[in-house]
Structure formats: structure tokens, C-alpha cells
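A.B. asks: Right, I'll just put the structure down here and ask away after.
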Amino acid sequence: MKKVMVVFGTRPEAIKMCPLVKELYKNKEFHTIVCLTGQHRQMLYQVMDCFQVTADYNLDIMQKNQTLFDITISILTGMKNILEKERPDLVLVHGDTSTTFATALAAFYMQIPVGHVEAGLRTYDLSAPYPEEFNRQAVGITARYHFAPTDTARQNLLREGKREDTIYVTGNTVIDALQTSIRKDYTHPILEWAKGSRLVLMTVHRRESFGEPMYQIFRGIKRVLDEFEDVKVVYPIHLNPVVRDTANAVFGEHKQIKLIEPLDVLDFHNFMNTAELVLTDSGGIQEEAPSLGKPVLVLRNTTERPEGVAAGTLKLVGTEEERVYQEFRRLLTDRAEYDKMSHASNPYGDGTACRQIVEIIKRTL
50 MKKVMVVFGT RPEAIKMCPL VKELYKNKEF HTIVCLTGQH RQMLYQVMDC FQVTADYNLD
110 IMQKNQTLFD ITISILTGMK NILEKERPDL VLVHGDTSTT FATALAAFYM QIPVGHVEAG
170 LRTYDLSAPY PEEFNRQAVG ITARYHFAPT DTARQNLLRE GKREDTIYVT GNTVIDALQT
230 SIRKDYTHPI LEWAKGSRLV LMTVHRRESF GEPMYQIFRG IKRVLDEFED VKVVYPIHLN
290 PVVRDTANAV FGEHKQIKLI EPLDVLDFHN FMNTAELVLT DSGGIQEEAP SLGKPVLVLR
350 NTTERPEGVA AGTLKLVGTE EERVYQEFRR LLTDRAEYDK MSHASNPYGD GTACRQIVEI
410 IKRTL
């Protein structure tokens, strides 16, 4: 029996890796071990509970005001001990977090094969997103298996010299997650608050937007709310105090926006399914929203998900106040533009990514 260790540490990783863990559990060919780093805490445990996945190990590294140095050193040291004990045949990591980078580096040092889920996403700008672009490129160097969500991601890996027989286009596991979380009969008190209005779901948290860019994003959104009384925004706000202080400074007690605590994955997916459109600088939401037919304004200057932009369901609008205001306003007033974005095709797969990944591992490990 082959031993497969799945490692993740943040809420976005958990959303995309828990369906893969559950698919691995179905296969008697594998002994599956789940290891959390605890890079996130409350937000991470919400997702685990939702998918009914339990951890075999938890490094629980999260500390107040942790830096990238703290995260990387703690994970690298902690993973060394676990990998020495378990000696897995394969370590699976996801995407572009510090958990992903440090775990892949630890496995590389111990000569344990690494499988990279959501491989090949690139902006080729190490400052945006920061530090994620470095993390995913570095993991790509160490990985033996590259599970790319799209052919665009595959082409990126081929241009970088990755062997063709190590790259597999599977779609994105987040589409698998959505298939289990959307509820037709879903209700929530905040959705009742927004009833009769046009609901907009927003997430903003990127490090590269801290400071003036984030103030500009929020000011642009506030101008739209001041102009359109029938629009309400729900903002599940990140735990980072920098984000919270900025949002409170701009929005204050504005009656058309709800700053709420982070939602669990089931709630978030169903809020998104109810919303008219999405404002975000998140990566995963750029994949989730297209599968639900929701237009997305990407509040960043670059995106590693150009497939969504090419398909027409994402629009890259940057962080400048005037552009955010104009593009947000346009989607509220230009029905043809809205319909064009909401009916664009989803480029991120058919919800079978986890099954494909497990079959590839069975066939090749």
C-alpha cells in the first residue's frame, strides 16, 4: 500500500484539497495522511468541518503578527519531523502558499516526490501576487507531478522546461468542491437583509494592495454605493488587522455594506451563488464564480488566471479608484455587458479533477 501525504494550511487550500482527500479515502490502494500546518486557524477548521475531513497531524504554527520568516521556518522544521516519521511515497501540496513552498522544499530535501495540485499558474511578476508567484514557481522546480488546471497552465510549464510526461491537465479541484456545497434551499439572515436589492459579494485581502491601493479600491466601491441605493455589498472580511482597519476607515457604518466575519465554505459558495456579481482580489474565486455564471471584477493589476479573462467572465480592473468605480458602475448599468460576462464559458473543468488526479497517482506512483 502506497502512503500519500496531503499537506495544506490555509482556508483556500483546504477548499481545494479536501475533495481530493475524500477521493483518496475511497481508494484502498492508498494510506492517506492529512497534515495541517495551521497557517490559518479558525478559517481553516471551518472548511475541515464542512467537508468532514480530519487531520492526522497539525503543526499549529499560527501566531499573532506572524511574518513570512516565521511561517516558512516553522513549517520547514515541523515538516522535517513528520516526514522523517512517516516517510510517505508522495507528498501532495496545493497552489502557491508559504505552506506549499516550505512543504515542497522539506520533501525535496528528503528526496520524497512532490505532486503539485493547481500547477502552472503564472504572472511572471514576483511582486504580484506576493509572495505567491515566487512560491508556485519554486514548487514547480521541485515537483515530480504537475496537475495543471488548464491547457494554459500546461503551456507555461512546458515553456519552463518541465517534462511533458509529468504534466497532467485535470481541471481545478475547486469545481469539485462546488458540486458538494451549493444548496437550492439555502437561506441566511444576511441574504434576507439584502433581499430586494442587487447583492454584490466582495473579498479584498492581498498583501500587495496594503496601503493606498486598498484605500483606492474601497473608495471606488463606496462611490458606487452612494450612487445606487438598490445595491448592497457583503464583505466577509479577512482577519488581518491591516485589512480591517482600512475597510472601517473608508466604509464606516455605511448602511449598504455588511462587514462580516469570514464565512465557512458552504455559506460562502451559496452567497456567491445568490450574488449578482463578485468583486475580488482572491485567486480561487476567479475560478469558482465562472462556474456559477457570476461576472467577476478582479481588483488586481495582474492575474495568473488569464483563461477567465480570455473567456470573458473575468475583467482585470486594477486598484485605482476611478477605474474600480467606472467598471463596477458599468456592470450595474450596462445589461449587455453584464449578460456577456455572466454567460461566458467556464474554462476550469467539469468537476472530475480529484478523480483524475487519484487515477493518475494510481497508474504512475
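Okay, so the sequence shown: first residue is 50 according to the numbering used here, each after it adds one.
A virtual CB, placed ideally from N, CA and C, is assigned to each residue, including glycine.
1) What's the call for ASP279, buried or exposed, on a 16-neighbour Cβ count within 10 Å?
2) Using CA atoms only, rank isn't needed, just tell me which of VAL373, ALA156, LEU326 and ALA177 is closest to VAL142.
3) Let me check understanding here. Comparing Cα to Cα, which of LYS75, LEU132, THR59 and MET128 lies closest to VAL96?
4) Can you grab the Cα-Cα spacing for the pair VAL358 / LEU365, in whole Å?
5) Put ALA197 into one of helix, strand or coil per three-state DSSP.
6) Give the C-beta separation of PRO68 and CYS403 to the nearest angstrom, bearing in mind that I take them to be a contact with Cβ-Cβ under 8 Å.
7) From this set, ILE124, GLN305 and GLN112, which residue's C-alpha is nearest TYR106's C-alpha?
8) Using 8 Å as the threshold, is the C-beta distance between SER246 and THR368 below it?
9) According to DSSP, what are the bridge partners of CYS84?
10) Run the CB neighbour count on ALA296, radius 10 Å, all protein chains shown included, and call it buried at 16 or more, exposed below.
11) Does the distance from the CB of VAL288 to the CB of PRO311 come in under 8 Å?
12) Would you kindly report the start and end of the unbroken alpha helix (DSSP H) that includes MET263?
13) Taking the CB atoms as reference points, tell me whether LEU248 and GLU325 lie closer together than 8 Å.
14) On the premise that THR121 lies in contact with VAL56, defined as a C-beta separation below 8 Å, what is that separation, rounded to the nearest angstrom?
15) What residues are listed by DSSP as bridge partners for LEU365?
16) Which term fits ASN322, buried or exposed, when burial requires 16 or more other beta carbons within 10 angstroms of its beta carbon?
17) Which residue marks the beginning of the beta strand (DSSP E) containing ILE309, and which one marks its end?
18) PRO198: which of ASN184, ARG171, SER176 and GLU209 sits nearest, CA to CA?
19) Are the beta-carbon atoms of LEU240 and VAL327 separated by less than 8 Å?
20) Considering only DSSP beta bridges, list what LYS281 is partnered with.
21) Taking DSSP as the reference, what is the three-state secondary structure of VAL407?
22) Which of the three DSSP states, helix, strand or coil, is assigned to LEU141?
23) Please return the same chain residues whose Cβ sits closer than 6 Å to the Cβ of ASP416, not counting the five positions on each side in sequence.
24) When DSSP labels each residue in this structure, what does LYS211 get in the three-state scheme?
25) Could you pull the start and end residues of the beta strand (DSSP E) that GLY164 belongs to?
26) For LYS52, which of ASP138, ASP119 and LYS343 has the nearest alpha-carbon?
27) Identify the continuous alpha helix (DSSP H) that holds VAL373 and give its terminal residues.
28) When you compare only the Cα positions, how much space is there between GLY361 and THR329?
29) Compare the C-alpha of THR146 against each of PRO162, ALA104 and ARG185 and name the closest.
30) Can you tell me where the alpha helix (DSSP H) holding TYR179 begins and where it ends?
31) Give the DSSP-derived three-state secondary structure of ILE334 in the structure shown.
32) Count the other CB atoms within 10 Å of the CB of ASP225; is the residue buried (16 or more) or exposed (fewer)?
33) Skipping 5 residues on each side, what residues in its chain have a beta carbon closer than 8 Å to that of GLN112?
34) Per the DSSP calculation, LEU326 is bridged to which residue(s)?
35) Just confirm the distance between the C-beta atoms of GLU386 and ARG378, as a whole number of angstroms; I'd bet it's less than 8 Å.
C.D. replies: Inspection of the coordinates gives the following:
1) Walking along the sequence shown from the start, residue 279 turns up at place 230. Under this definition ASP279 is an exposed residue.
2) As a working mapping, residue 142 is identified with position 93 in the sequence shown. Among VAL373, ALA156, LEU326 and ALA177, the Cα nearest to that of VAL142 is on ALA156.
3) Numbered from its first residue, the sequence shown carries residue 96 at position 47. With distances taken between Cα atoms, VAL96 lies closest to THR59.
4) What you label residue 358 is simply residue 309 of the sequence shown in a count that begins at 1. What you label residue 365 is simply residue 316 of the sequence shown in a count that begins at 1. Distance between the alpha carbons of VAL358 and LEU365 is about 7 Å.
5) Position 148 of the sequence shown holds residue 197. Reduced to three states, the DSSP call for ALA197 is strand.
6) Residue numbering aside, residue 68 sits at position 19 when the sequence shown is read from its first letter. Residue numbering aside, residue 403 sits at position 354 when the sequence shown is read from its first letter. Correct: roughly 5 Å between the Cβ atoms.
7) The residue you call residue 106 lines up with position 57 of the sequence shown. It is ILE124 whose Cα lies nearest to the Cα of TYR106.
8) What you label residue 246 is simply residue 197 of the sequence shown in a count that begins at 1. What you label residue 368 is simply residue 319 of the sequence shown in a count that begins at 1. Not closer than 8 Å, so no.
9) For the purposes of this step, residue 84 is taken as residue 35 along the sequence shown, with counting starting at 1. According to DSSP, CYS84 bridges with VAL56 and TYR106.
10) Taking the sequence shown and counting its residues from 1, the one referred to as residue 296 is at position 247. Counting Cβ neighbours within 10 Å, ALA296 comes out buried, since at least 16 surround it.
11) Stepping through the sequence shown from its first residue, residue 288 is reached at position 239. Stepping through the sequence shown from its first residue, residue 311 is reached at position 262. Looking at the sequence shown, residue 288 is not Val but Leu. Cβ distance < 8 Å, so LEU288 and PRO311 count as in contact.
12) Taking the sequence shown and counting its residues from 1, the one referred to as residue 263 is at position 214. Looking at the DSSP string, the run of the alpha helix (DSSP H) that includes MET263 is 261–276.
13) Within the sequence shown, the letter at position 199 stands for residue 248. Within the sequence shown, the letter at position 276 stands for residue 325. Yes, the pair counts as a contact, with Cβ atoms nearer than the cut-off.
14) Translated into positions along the sequence shown, residue 56 becomes position 7. Translated into positions along the sequence shown, residue 121 becomes position 72. VAL56 to THR121, Cβ: 14 Å. No contact.
15) In the sequence shown, residue 365 corresponds to position 316, counting from 1. DSSP, once it has assigned bridges, lists VAL347 as partnering LEU365.
16) Position 273 of the sequence shown, counted from the start, is the residue given in the question as residue 322. With 16 or more other Cβ atoms within 10 Å, it is buried.
17) Reading the sequence shown from its first residue, position 260 is the one you call residue 309. It spans 306–309 - the beta strand (DSSP E) in which ILE309 sits, taken as one unbroken run.
18) The residue labelled residue 198 in the question sits at position 149 within the sequence shown. PRO198 has its Cα closest to that of ARG171, out of ASN184, ARG171, SER176 and GLU209.
19) Position 191 of the sequence shown, counting from 1, holds the residue named residue 240. Position 278 of the sequence shown, counting from 1, holds the residue named residue 327. It is not a contact, given that the beta carbons lie outside the stated cut-off.
20) Stepping through the sequence shown from its first residue, residue 281 is reached at position 232. LEU248.
21) Sequence index remark: in the sequence shown, residue 407 carries index 358 (1-based). Helix.
22) Your numbering for residue 141 matches position 92 in the sequence shown. Strand.
23) Since the first residue shown for the chain is 50 and the last is 414, residue 416 is missing from the structure and cannot be characterised.
24) Residue mapping note: residue 211 aligns to position 162 of the sequence shown, counting from 1. In this structure, LYS211 counts as coil in the three-state DSSP scheme.
25) Taking the sequence shown and counting its residues from 1, one reaches residue 164 at position 115. That run of the beta strand (DSSP E) goes 163–166.
26) As a first step, residue 52 must be located in the sequence shown, where it is residue number 3. For LYS52, the nearest C-alpha among the options comes from ASP138.
27) Locating residue 373 in the sequence shown gives position 324, counting from the first residue. Where VAL373 is concerned, the enclosing alpha helix (DSSP H) stretches over 370–382.
28) Taking the sequence shown and counting its residues from 1, one reaches residue 361 at position 312. Taking the sequence shown and counting its residues from 1, one reaches residue 329 at position 280. About 16 Å.
29) Indexing the sequence shown from 1 puts residue 146 at position 97. Among PRO162, ALA104 and ARG185, the Cα nearest to that of THR146 belongs to ARG185.
30) Locating residue 179 in the sequence shown gives position 130, counting from the first residue. Counting along the chain, TYR179 falls outside any alpha helix (DSSP H), and DSSP gives it neither H nor E.
31) Your numbering for residue 334 matches position 285 in the sequence shown. Note: ILE334 maps to helix in three-state DSSP.
32) By 1-based counting over the sequence shown, the position of residue 225 is 176. Buried is the call here.
33) Residue numbering aside, residue 112 sits at position 63 when the sequence shown is read from its first letter. ASP119.
34) Looking up residue 326 in the sequence shown gives position 277. According to DSSP, LEU326 bridges with VAL249.
35) By 1-based counting over the sequence shown, the position of residue 386 is 337. By 1-based counting over the sequence shown, the position of residue 378 is 329. Rounded, the Cβ-Cβ distance is 11 Å, inconsistent with contact.
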